[in-house]
Each structure stands twice: as structure tokens, then as C-alpha cells.
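In the working numbering, the protein residues as written are 52 to 851.
Backbone N, C-alpha and C define an ideal beta-carbon position, used for all residues, glycine too.
For reference, the structure discussed in these notes is given below.
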């Protein structure tokens, strides 16, 4: 029995620059996402210019492709005017949607530019139904899900949401939930939330215990996942009715975009046409591997998060295996080929002392020079570094495949769209040409009245040939209907002119939805006045255990935040505030939300929990992981129900003061402790070997672990009862020596992060911060921290 065809989701491809845009469009993308040179999460890509956006949109729209502009970074207080103007100008230029991370920018767009279509970025960490509904409530039309969401969850989110759902289908995986990674930021001030991630997750680390002893692992790249490849599960994704499937890769070259988009275009069409009969074709995975691969995984899509998804041995493109070295002497090596190799290919040798890549160069076999060597042949070539017999050889660039990919986009008119033409060349009537596309959009033009031929009459072949001269356009002739009077006379130049005018009229019809847009020149909305604050800020701790939290309360903390999974409903001690974790899949929501009671304090670390807790009547605090970077973000969180907002740790003291001045709600900041820099669905401790997945009773969790980098810094790792790993900064934050500046900023609460502390050290920290506050209020000078190695974080430097 034949399968029932389904409507294919939108195929959304990346474009880091103009060549990649053409590659995406000519290889079958339905939509393309791209950024300009400011306020986007791939600031080191080639990117586009704001002035060039109208032509970019025109190019895409004439080919039936939508353009989404990425404004997917957090926005600093001083940048909001620029951000709003960028969105306004981009919309007037013709973009079909803007992709946004910052909650403040979302609020400003909804308030000042409500006609602009907004998609929420994956940086907003959307992985549950209540978050999609919160985003729908604040004006988002489409949600890009976190990569950690499974196929079953995607289906449930699609069926339960009132807005469109978009999911990643191919490309690089971040080990940390997107929007929740501060590792690059704390190490080198390069914020992932600002589009400047330095990818410390791809570096080498040692897993060590509390004594510093190195534990055995399968490799050194303990935070480096393989790449996602969802091609085999396309039928399930189609059946889920997800709105769009997204290919990652704005930092990749145009050849990658062409190859990957082309493969997924063909596969997606087959999956939609015949879901039950779908199979990945021979060669498709090979093309994807040749384009770029750290190894492929379906991991999270299948609900898996174990070691099979990790690329422990290497963090970069591994290419495809082509053979082994069988002889090596004096810089000449012989390789037994298992795959064909071209002299223009780039090969990588895996040796005992490391890996190196080089052009293959001239190949020889039995003394004859070859331009290519087939599989099964032994070829000899020059090696730039020493290699040994048995070393493996991989191809990391396939020259022939790259050349073929480039040909698809170097001349875009070759990948033309069919238009149906009709021409009327009737004596006594105006010359008329009409064009129409498959969607019924049309354009027509007419010229002078056709007269009888004075010398030679025009014939049908000549009319079709001259009307069909479409070079330099994205079109080709589909059907051609011709009415031609015998003996009609018409000049070829007239045919050319009327055809150009007809195509111009058609293009005007196609572009009419965008060409009439104008800039709105919005005025930045007001957020209100600063909230009234107490003379002395509350001292608050965030702890992982109830024992440590209670100890902090006993020495003067005003309240202590503790994860809901560490508490018992109905038995929450006085001063303890339940904290709904920032990772809260739908299967976990009910257990956490039992603690959101009317009139009781509650901390929400994701938008869904905030939305639900506010509905229950709880007094909700918005967690710092919601990345509030400006007063507009605090305004948005207040509208969702927050009564206090913990600001992002990436703000400077000056920026904190700017937020406080317009927040209209009490705000708090972290002043002491190890900042959590990552939360991962994959358990880092799995690198020690297979486990039984019984996270609540895991013996490894009972012993402190850390990741030690190449400079000797150790980042503590803690794994929770759900098996998620939490990575903390190697150096603790301590702002006690700057408490006068902290208090001058106008904050209402100071937070101590004591996740990695024991009862004794946590108590000491609370006492220290209380003492610092008293000294600052009394105008007394303080000595520096007693700790030998601390950091002031971004308080004095901020992020760029």
C-alpha cells in the first residue's frame, strides 16, 4: 500500500556570505538565515551589510526563497536603539522575519514594530511547551528548539503549541544548552551570547578527581560532540508536521552549504512524497561526510545522550578514511587506497605524534605519474612530515566534489526557474507577451500594433527563440503558447523589449508584498522608573543542597535558593526558595511546579517555569540564566510575572547601574562564588566508562570531579539527579572588595553561588559578604580577598 504524501517542512539553510547565499538558493533551500556585521551570533562570519539587504532579499524572493535576519544576541543597554533601528531597516529591506534572542529586544519590537514577524532563537533555550506558550504570548511567531529535544518531544511540541516549531536537522552540536554557555565569556571575555564564542568546548581536557589524579577517558576532547545528521529520521520529522528543519553552518564555506542543502533537498522531498518507502541513498552520507564531519550522530533526536554522541578523539573535521600507509622512507610514502584520491585533494595523516594535513600532490604508481588513484591501488606521494607504516590517511577536502558544488552557485542563472510564456503576434493587435509561474503569479506587457510584413514575415521558431533569450535572469521557458498571424511582421528588438517588460511586470507582482514596505522610524519605548530599594540589599545564596542552604541561613542569609529536586513538597523550610532548574523538559515540569504556590517565593530559570509560576500566583524571581542584559528585558520578565530579576553575569558595573535606573523592578546580581558556565544534557562523567543510567544513585556523583585544561586550570563538574552535568568556573568570583561600587549600582539583592562549597566554606562566604556590605555602607575601606585566586568577573570589564 502506497504511503500518503505529506507536506514537506521548510528547509532552512545558512548563509555566512553572498556565495553561501547563492549556494543555498540554487541547491533548493526554501529559506535562508543570515546576519549583518552587527548584533548577530556569528560575528566572525563574512556576513552581509544592511545597505545590501534589499538586493539580497530581491535575489531570494524572485526565486521563491525567504530571508530571515539573525539578530540573535543579547543586547547591551547602550545598543537597544541600534538594534531596533536595525530591525526596522531590515524589515523595510524585505526580510521575512528576524531571529531574536534578547527578551528586551522582543519587547521593544512588539511595542514599537508590532508588524515585524519574529522567530525566537535557539539561544532562548526552548525545550518545553510552557516556554513556547510564553513566547507566543509575547509576540513570537516561530520557535527554534534547543538541540537537546527528541523526536517525540518535537511531535508533542508541534501538536501542543499555538505557534510554529523549528528544529535543527544537521550540523554542529554545542555540548551546552544554547544560550546557557558562559565558558568562552569567563575565560577570555568572548561571549557566546554576543556571537564571539571561542569554542573552548573543542579543546583538550583531563578528567581529574578531587586530588588532581587523572582518570582514564577515551580521548582528550571531553566536551566535543559529533555533528548532528538527522537525514535518516526525516520521515518522522515530516510526520511531526514541524514547520522548518534547520541546517547549521554560517561559519562553513559555500561548498558545504551547497552540498548539504542539496542532499537534504532531495532527501526531504522523498521523505514527504513516500515516508514509508524512504531510505537514505547510497552516497548521501558520503557527500555529507565529505562536506564536513566530526562523525555523525542522531543522539538527542533519538533521546540518547551517551558516549556514542561524543567525538573524544578529535574536535574538528575528520573527513573520510581513504587508506593506510604501507611504506615510508625519505619523505616518500605509499598508501593503500580504500577510496579514490585525486591529486588536488587535501589529505590528513594520523600519526603517533599527531595529525597533519597537506595537499595530496602528484601521485605515482609503478613509476607513472597519475592525476588520480582509484580504490584498490597503491600510490606513492610526498609527505610533508614523518609518517610510519600503518598510519591512517583521511581526506578532509574532496577537490572534485568541491568543484562540482561551486559550479552550482557560481552562475546562478543556470539554476533557473520555469516560467510559462504566452505570446500574441496578431496583425492589427498590439504585440503582447505574458509570463506566469507555477503559483499563478503573472506579468504581461504589450508593444506596438503588429503590421503585415513588408519584406520577410516572422515565423514561430523565431518568436520562440527571441522571446526565450533569458540569459542573465533566473528564469527558463516552461510551456510556450503562441498566437501568430501568417505574414505578421515584427522586429526582434520589439520582442526583446516586450519580453523584458513582461518579466519586469511579473517581478513587480512577485515582489509586491515587500516592495511597498517603508521604514517606521520607531522611538525606543520607555520602561519606567527605577524600583524603590531597601537601604541594605538582601543576601541570597544559590545552593545545590538543602544542608548547605540551611547553614547559610543560620549565619545571616536572607533566603536560599535550592533546586526543586532537592526538596520535598509541603516541607520547604522557612527561608528556602524552590528553584525550578533551567533545564526542565515537559516530563519534569509537573514535579518542579508543585512548589509554585500562591503567595510563596519561587525562582524560575526558564521562561516556561516563569510563565506557569506567575499563573499560579507565586512570587516569582527570574533567574540569571534568562540573560537579562537591559532594562527592556526586565520589563519583559515583569510582564511575564517576575517580581525580581537576577541580571546576567556578563554585565559590567556601569551597565548594571543603567539597568537599575530603568528596570522598574528590584534586580539582583551575583557577587561571590563559582559561576556555572555550562549545563549539558550529556553527562561528562560518562567519559569514565559505561554507566547504568541510574543517576540518583550514581557513585561517581559522590566524588568531586573536574576538567583540567592545558593551562592547569580545573573546572569543577557536578552532575544532578537527572544526569545533566554542570560545569563551574575554575576561578571563583569575589566582589567583596568592590562592594561600594556594587551598592552604588542600585541593586536590591546580592547572590552567592555556593554549589561547589561545603557547609563551612559557604557559611564563611555569607559572613564575608555581610561584613563587606556593612563596611561599604559605613564608608570603611576593605582589604582584598583572602582567597589567592579570585576574579571580579565582568564587573569592571563587561563583554564586547
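Roughly how many whole angstroms lie between the Cα atoms of residue i and residue j?
| i | j | result |
| --- | --- | --- |
| residue 840 | residue 268 | 29 Å |
| residue 52 | residue 614 | Because the pLDDT at residue 52 is just 48, under 50, the model does not fix this residue reliably, and the point stays unresolved. |
| residue 854 | residue 518 | There is no way to answer for residue 854, as the model of the chain reaches only from 52 to 851. |
| residue 326 | residue 218 | 19 Å |
| residue 559 | residue 72 | 22 Å |
| residue 792 | residue 136 | 33 Å |
| residue 297 | residue 220 | 6 Å |
| residue 77 | residue 495 | 26 Å |
| residue 171 | residue 634 | 17 Å |
| residue 249 | residue 241 | 6 Å |
| residue 804 | residue 723 | 6 Å |
| residue 59 | residue 197 | 21 Å |
| residue 584 | residue 642 | 33 Å |
| residue 600 | residue 365 | 40 Å |
| residue 399 | residue 303 | 19 Å |
| residue 79 | residue 537 | 43 Å |
| residue 506 | residue 542 | 12 Å |
| residue 486 | residue 849 | 57 Å |
| residue 493 | residue 450 | 42 Å |
Determine whether the beta carbon atoms of residue i and residue j lie at a separation below 8 Å.
| i | j | result |
| --- | --- | --- |
| residue 146 | residue 113 | no |
| residue 530 | residue 488 | no |
| residue 779 | residue 806 | yes |
| residue 83 | residue 245 | no |
| residue 338 | residue 318 | no |
| residue 351 | residue 759 | no |
| residue 300 | residue 65 | yes |
| residue 700 | residue 713 | no |
| residue 397 | residue 447 | yes |
| residue 797 | residue 711 | yes |
If you drop the 5 nearest sequence neighbours on each side, which residues of the same chain put their C-beta closer than 6 Å to that of residue i?
| i | result |
| --- | --- |
| residue 456 | 306, 309, 310 |
| residue 354 | 201 |
| residue 646 | 615, 629 |
| residue 826 | 833 |
| residue 187 | 213, 214 |
| residue 729 | 227, 232, 234, 778 |
| residue 68 | 97 |
| residue 816 | 723, 803 |
Sorted by chain position, which residues of the same chain lie with C-beta nearer than 7 Å to residue i's C-beta, five sequence neighbours on each side aside?
| i | result |
| --- | --- |
| residue 480 | 500, 501 |
| residue 580 | 715 |
| residue 32 | With the chain covering only 52 through 851, there is no way to say anything about residue 32. |
| residue 140 | 101, 570 |
| residue 846 | 703, 704, 786, 789 |
| residue 516 | none |
Grab me the residues of residue i's own chain with a C-beta within less than 8 Å of its C-beta, minus the 5 sequence neighbours each way, in chain order.
| i | result |
| --- | --- |
| residue 39 | In the structure as shown, the chain begins at 52 and stops at 851. Residue 39 is therefore absent and cannot be evaluated. |
| residue 430 | 385, 386, 388, 392, 414, 415, 416, 421, 424 |
| residue 596 | 613, 617 |
For residue i, which beta-bridge partners are listed by DSSP?
| i | result |
| --- | --- |
| residue 227 | 731 |
| residue 655 | 631, 673 |
| residue 297 | 63, 219 |
| residue 497 | 483 |
| residue 171 | 151, 194 |
| residue 770 | 776 |
| residue 526 | 468 |
| residue 361 | 276 |
| residue 414 | 421 |
| residue 209 | In DSSP, residue 209 forms no bridge with anything. |
| residue 401 | 406, 443 |
| residue 165 | Answer is none; residue 165 lacks a bridge partner. |
Should residue i be listed as close to the ligand NAP, given that the test is whether its C-beta is under 7 Å from any heavy atom?
| i | result |
| --- | --- |
| residue 625 | With respect to small molecules bound, the structure shown includes none, and the ligand NAP cannot be examined in it. |
Would you be able to state if there are at least three C-beta pairs under 8 Å between the segment 433–448 and the segment 398–409? yes
Counting Cβ pairs closer than 8 Å, one from the segment 658–671 and one from the segment 177–188, do we hit at least three? Contact holds: three or more Cβ-Cβ distances are below 8 Å.
Cβ contact check for the segment 347–362 and the segment 733–745: 3 or more pairs under 8 Å: yes
With three or more C-beta pairs closer than 8 Å as the rule, is the segment 282–292 touching the segment 786–796? no
With three or more beta-carbon pairs closer than 8 Å as the criterion, would you say the segment 646–656 touches the segment 621–637? yes
Is it the case that the segment 182–196 contacts the segment 341–351, given that we only count it when at least three CB pairs across the two stretches are under 8 Å? no
Count Cβ pairs between the segment 270–290 and the segment 315–332 that sit closer than 8 Å; are there 3 or more? Yes, the segment 270–290 is in contact with the segment 315–332.
Report yes or no: do the segment 689–705 and the segment 663–679 share at least 3 C-beta pairs separated by less than 8 Å? yes
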